[in-house]
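Protein chains in written order, with the numbering used here: chain A, 51 to 334; chain B, 4 to 452; chain C, 267 to 599. Working notes for the structure below.
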Amino acid sequence: MSVLLYTILSLCILGIVLAVLLYFVAQKFRVDEDPRIDTVEGMLPGANCGACGYPGCRGMADALVIQTDISALYCPVGGATTMKAVSEFLGKAAPEREPEVAVVRCAGSCGLRADGSGPVRARRNIFDGARSCAVEAATYSGETGCSFGCLGQGDCVSVCEFDAIRMNPATGLPEVDDERCTACAKCVKACPKSVIELRRKGPKSRRVYVSCINKDKGGPARKACDAACIGCGKCVKVCAFEAISLENNLAYIDPVKCRLCRKCVAECPTGAIIEVGFPAKKEI
Amino acid sequence: MLKSFPKGGIHPPENKLSAGAAIVTLPLPAQVVVPLSQHLGAPAVAEVAKGDKVVAGQQIAKPGGFVSATVHSPVSGTVTAVDALPNGSGIKTPSVTIAVEGDDWAPEIDRTPNLIPECRLTGSEVVTKIAAAGIVGMGGATFPTQVKLSPPPGKKAEILIINGVECEPYLTSDHRVMLERGAEVLVGTTLLARALGVEKTYIGIENNKPDAIENLRLVSAELSRHVAGIEIVPLKVQYPQGGEKQLIKAVTGREVPSCALPIDVGCVVQNVGTALAVYEAVQKNKPLIERVVTVTGKSIATPSNFLARIGTPVSALIEAAGGIRAEGPVKIIGGGPMMGRAMSNPDAPVTKGTSGILVVDGKDAARCTESDCIKCAACTTVCPMGLEPWLLSRLAQKQMWDEAEAGVIVDCIECGSCAYTCPARIPLLDWIRLGKTEVNKIIRARLNR
Amino acid sequence: MDNKLIIAPSPHVFAPRDTTRIMGDVLLALLPALAVSAWVFGWGVLAVTIISASSCVVFEWLIQKFLLKGPATVGNLSAVVTGVLLAFNLPPTIPLWLVMLGAFVAIAVAKMTFGGLGRNPFNPALVGRVFLLIAYPVQMTTFAPLTATLSGIDAATGATPLALAKGILKDGGSVSDVMAQLNITDLVVGFKSGSFGEVAAAALLLGGLFLLVRKVISWHVPVAVLGTMAVFSAILWFVAPASYMPPMFHLLTGGALLGALFMATDYSTSPMTHKGGIIFGVGIGLLTIIIRLWGAYPEGMSFAILIMNAAVPLIDKYVKPSRFGAAKRRAQA
Chain A
51 MSVLLYTILS LCILGIVLAV LLYFVAQKFR VDEDPRIDTV EGMLPGANCG
101 ACGYPGCRGM ADALVIQTDI SALYCPVGGA TTMKAVSEFL GKAAPEREPE
151 VAVVRCAGSC GLRADGSGPV RARRNIFDGA RSCAVEAATY SGETGCSFGC
201 LGQGDCVSVC EFDAIRMNPA TGLPEVDDER CTACAKCVKA CPKSVIELRR
251 KGPKSRRVYV SCINKDKGGP ARKACDAACI GCGKCVKVCA FEAISLENNL
301 AYIDPVKCRL CRKCVAECPT GAIIEVGFPA KKEI
Chain B
4 MLKSFPKGGI HPPENKLSAG AAIVTLPLPA QVVVPLSQHL GAPAVAEVAK
54 GDKVVAGQQI AKPGGFVSAT VHSPVSGTVT AVDALPNGSG IKTPSVTIAV
104 EGDDWAPEID RTPNLIPECR LTGSEVVTKI AAAGIVGMGG ATFPTQVKLS
154 PPPGKKAEIL IINGVECEPY LTSDHRVMLE RGAEVLVGTT LLARALGVEK
204 TYIGIENNKP DAIENLRLVS AELSRHVAGI EIVPLKVQYP QGGEKQLIKA
254 VTGREVPSCA LPIDVGCVVQ NVGTALAVYE AVQKNKPLIE RVVTVTGKSI
304 ATPSNFLARI GTPVSALIEA AGGIRAEGPV KIIGGGPMMG RAMSNPDAPV
354 TKGTSGILVV DGKDAARCTE SDCIKCAACT TVCPMGLEPW LLSRLAQKQM
404 WDEAEAGVIV DCIECGSCAY TCPARIPLLD WIRLGKTEVN KIIRARLNR
Chain C
267 MDNKLIIAPS PHVFAPRDTT RIMGDVLLAL LPALAVSAWV FGWGVLAVTI
317 ISASSCVVFE WLIQKFLLKG PATVGNLSAV VTGVLLAFNL PPTIPLWLVM
367 LGAFVAIAVA KMTFGGLGRN PFNPALVGRV FLLIAYPVQM TTFAPLTATL
417 SGIDAATGAT PLALAKGILK DGGSVSDVMA QLNITDLVVG FKSGSFGEVA
467 AAALLLGGLF LLVRKVISWH VPVAVLGTMA VFSAILWFVA PASYMPPMFH
517 LLTGGALLGA LFMATDYSTS PMTHKGGIIF GVGIGLLTII IRLWGAYPEG
567 MSFAILIMNA AVPLIDKYVK PSRFGAAKRR AQA
């Protein structure tokens, strides 16, 4: 019985002594922090994705509280609502930014077409190394004849923390889910071929863009891929708003100037210009 | 007890199928493509334009920087294009295309087979001639030779080592050169020694080439008046003995410090093919426009050693060796099976660094499915640099660059021993190579800041 | 040149040895010991071995198929190795349902919860064994006479040599009293009581040599374990020859050889470097002798290995292979 008593007693005393010790240590090494940082951190999405340029939401909250002008700070994940709430709480002007979304600029499907005919972009050899776009890009020009387009190993998919980008097994190309994509730009950085671009989401998620980054001349580009931009310049001529530029045999549509008239989509001989989010066409 | 390097190493099957095949001069192709970047460092700058007539041995491009090399026309004919063409990996590199017409050589080149053992030039004159001949390391690393022969101020070469190891399985080009051109190699070696001003010269040869060792010993005895001070060192067969750091350790016992160069321990290593090219450049005025290339593999009808002009398409070499006798997919490797690059474009040209073309098919060509790491530590045991491949590969895969740098990923010599030996078939080197590139970038950025 | 081309980064050749072949080699190396056990204890040990191995395979397959919903990798034989090693650590008379329970603990708790092959921190067979030893001490330490043994000799019953020694020495007896009851040839061949896989010293040594020759294991861990045990016990024996057993006794009894050659060398639960392996082995050797001499159990090999398993991540963090060119750099700096 006495053994039991001693055990309980000594443990209790030990506990009390340590608690007192801990209290003084905590007092001595206390760090005073602006309590607003905690609140702001709570308002942020908590994804810790680093899209804002800070190592995590805590770092961003810290910056939001400390900096007087927060116009350069933006959380793309939380978007306008979050930024508005944060700036109201802090009494600062809310930073504004057009919502963006990741866009895969390659339409070179390696799978068979709907009518069963050959692929848009045929695989010419077999890559047998580690399943990684980075490894493949460092090894050679890629499985298809196009040395610019998507390699299809899915580095963008594995890096996405929001499950917003997925590989389509039929085409071998990644597809972005507009609803889930937060424009954190992780996939943009992960892609060794720079296929993915952050683009204005557009009104009602409507966008027109060139889905190709092949800078080869028309002939070789066409030979490598049926959906390649061949740099013919027809879209440049048809555009009434001077939104399309042609550089290195490749057309680019400026999302700011584009008015979504879609004339270029109809004009493109290879179908490299893609429209997204429009209702099914009736007039044509 | 034969010398070798002490740490790690593997014994892949040697498969020297073409060891008995004498060097055959390959007929001229109809057209050659001469890349301007056949060496490490800055690409050469073209000095010819479309329509120009050239002769074999004529300079067509000048060095594009300090670490760069001159390029010469390997054939006579007309320049048909100067533009970017895909190399063996399908990546476009600036190249000069020449349509072959006849076989006229520049007049100053001595094409007779006479051996000229004497040389009256000074060391620096030899280096100048080597630079003018566009010679690069012909073992595959293609580092411009004149740069290696000019030690930075404050550093002095004491020992020259000629690399006749040829530790890569299958390859036999160096082996055949030592057998058939032994005298020229030895004279070339003395010229390299003169350029460096060194007293002691070794030729390291693995013991699986006893005929080459015997031949060089015989020839050096015959030429003893001209080639004094060259010691032939037989080495125990062990991969990667042809790696500079491993060879220096095996021959001299000196250990090149981490992140340092052989010259830091007073050593310079040159390939036997380079020694031959140096002989031809200095004594015969012949620039580097042709080289010995092994065409081999179990899918090749007659494994051969060819003397081919630079710029000849690889496919032409394969045809000359009887073509590919295999159904289904094959792997064409530029170089040996341990460090060579698989080619996606077989019409790419032979370059100064092409020591061999290896063609394999079926099970030899495909990798096995990767499974879980069983932590057997075989990769750590075989790593000749004493690294931890399993850890570095994981760190690279997870993009933990700081930790990879702490694990000295930059010391990796990419010999492939780890991936060769891994029982779980993990592509260790794929990831480590990626990590090494990335960490090197980070280090360079830090130094520039 | 119509063949399609395959592209991969170097290297392009691979050693023929893969995971399955390594596991197969381990199983081969265990065969002689199993044969001797069958001779000493009867066919029953084969039933225990088969039940243990097949239970391990089935549990692993079920977990991979239905819980993890991933690919089943039982084809690599690692579960068979775990099963056979577990069986080797059991008494020959153990009820078969206990064998299955041990197999479940080994595979489900010690191996698959950590992610399967190569990720488990503790040796699964030993976790299974220690679980049974603590939960069912009576069944695990009863070495009842078997029905008909193949050899016809009935030496392998009663207390194990270690238990015998511990008992006699505790009761004030001397080493010579213990040795009087033992026969060194029986210890070497395997006519002694104990877990059935650990008794055949000579056969285990043969299997270990096979693994060394095949380069499945390196000498560092076994030599460190056995060397430390020998040195430590030799010191004590020299100081007090009457009250401490000689080193030979320690090496030939209990799980010393099975543990040093087959358990401590388990890949995923031992250090990744040779230097680390030696530290690991010395730790096991010391702990084993300490537990044997002053612990509550007569045998300490299993506990020693499991304790040192816990130290492996720490050893791997601080013990690095000696790098090429590293010493020189330090000298220059």
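Idealized CB from N, CA, C, for every residue including glycine.
- Collapsing the DSSP output to three states places glutamine 34 of chain B in a strand.
- Neighbours of leucine 437 of chain B in chain A, taken as residues at a C-beta separation under 7 Å, are given in chain order as Ala184, Val185, Ala188.
- With contacts defined as CB atoms closer than 8 Å, glycine 80 of chain B and alanine 52 of chain B fail to qualify as a contacting pair.
- Separation of the CB atoms of asparagine 264 of chain A and serine 347 of chain B is rounded to 17 Å, and the pair is thereby denied contact status at 8 Å.
- Listed along the chain, the chain B residues whose CB falls inside 7 Å of the CB of asparagine 175 of chain A are Ser347.
- Residues of the stretch 284–306 of chain A with a C-beta less than 8 Å from any C-beta of chain C: none at all.
- Between the alpha carbons of glutamate 171 of chain B and serine 92 of chain B lies a distance of about 21 Å.
- In the three-state reduction of the DSSP assignment, threonine 408 of chain C falls in the coil class, being assigned neither a helical nor a strand state.
- Take the alpha-carbon of leucine 343 of chain C and the one of proline 564 of chain C: they are about 33 Å apart.
- As DSSP reads the structure, asparagine 175 of chain A sits in a beta bridge with C:Leu271.
- Contact between isoleucine 235 of chain B and isoleucine 216 of chain B holds, with the beta-carbon distance rounding to 6 Å and staying under 8 Å.
- Among the bridge pairs identified by DSSP, histidine 75 of chain B is matched with B:Gln62.
- Secondary structure of glutamine 273 of chain B (DSSP, three-state): strand.
- Secondary structure note for phenylalanine 498 of chain C: it is in no beta strand (DSSP E), and the uninterrupted alpha helix (DSSP H) holding it is 486–505.
- Leucine 450 of chain B is classed as exposed because its beta carbon has fewer than 16 other beta carbons within 10 Å across all chains shown.
- The alpha-carbon separation between valine 271 of chain B and cysteine 183 of chain A amounts to approximately 38 Å.
- Per the C-alpha coordinates, the member of C:Ser276, C:Gly542, C:Met495 positioned closest to isoleucine 581 of chain C is C:Gly542.
- Taking C-beta atoms as the reference points, valine 35 of chain B and proline 9 of chain B fail to come closer than 8 Å.
- Looking at the DSSP output, phenylalanine 309 of chain B bridges to B:Val27, B:Val296.
- Under the 10 Å beta carbon count, aspartate 82 of chain A is surrounded by fewer than 16 other beta carbons and is classified as exposed.
- A contact between stretches requires three or more CB pairs, one per stretch, nearer than 8 Å, and the stretch 486–500 of chain C fails this requirement with the stretch 395–408 of chain B.
- Distances from the CA of asparagine 166 of chain B to each of B:Ser223, B:Ile251, B:Ile13 were compared; the closest alpha carbon is that of B:Ile251.
- Residue range 294–297 is occupied by the beta strand (DSSP E) that includes leucine 296 of chain A, with no alpha helix (DSSP H) assigned at that position.
- Closer than 8 Å to the CB of arginine 370 of chain B there is at least one CB belonging to chain A.
- A residue is called buried when at least 16 other Cβ atoms come within 10 angstroms of its Cβ; phenylalanine 291 of chain A does not meet this threshold and is exposed.
- CA-to-CA, the gap between valine 82 of chain B and lysine 56 of chain B works out to about 6 Å.
- Under the three-pair Cβ rule at 8 Å, the stretch 365–380 of chain B does not count as touching the stretch 119–136 of chain B.
- The three-state reading of DSSP puts arginine 312 of chain A in coil, since its state is none of H, G, I, E or B.
- Taking C-beta atoms under 8 Å as the contact rule, isoleucine 138 of chain B and valine 281 of chain B qualify, at a distance of about 6 Å.
- Taking 8 Å as the upper bound for CB-CB distance, glycine 60 of chain B and alanine 109 of chain B are in contact here, some 4 Å apart.
- Of A:Ala271, A:Cys289, A:Val288, A:Cys275, the smallest CA-CA separation from glycine 281 of chain A is found for A:Ala271.
- Judged by DSSP in its simplified three-state form, lysine 254 of chain A adopts helix.
- Residue burial annotation: aspartate 88 of chain A is exposed, with fewer than 16 other C-beta atoms found within 10 angstroms of its C-beta.
- Among the residues of chain C, those whose CB is under 9 Å from the CB of lysine 248 of chain B are Phe590, Gly591, following chain order.
- Taking 8 Å as the upper bound for CB-CB distance, leucine 248 of chain A and alanine 235 of chain A are in contact here, some 6 Å apart.
- The beta-carbon of aspartate 205 of chain A is placed no less than 8 Å from the nearest beta-carbon of chain C.
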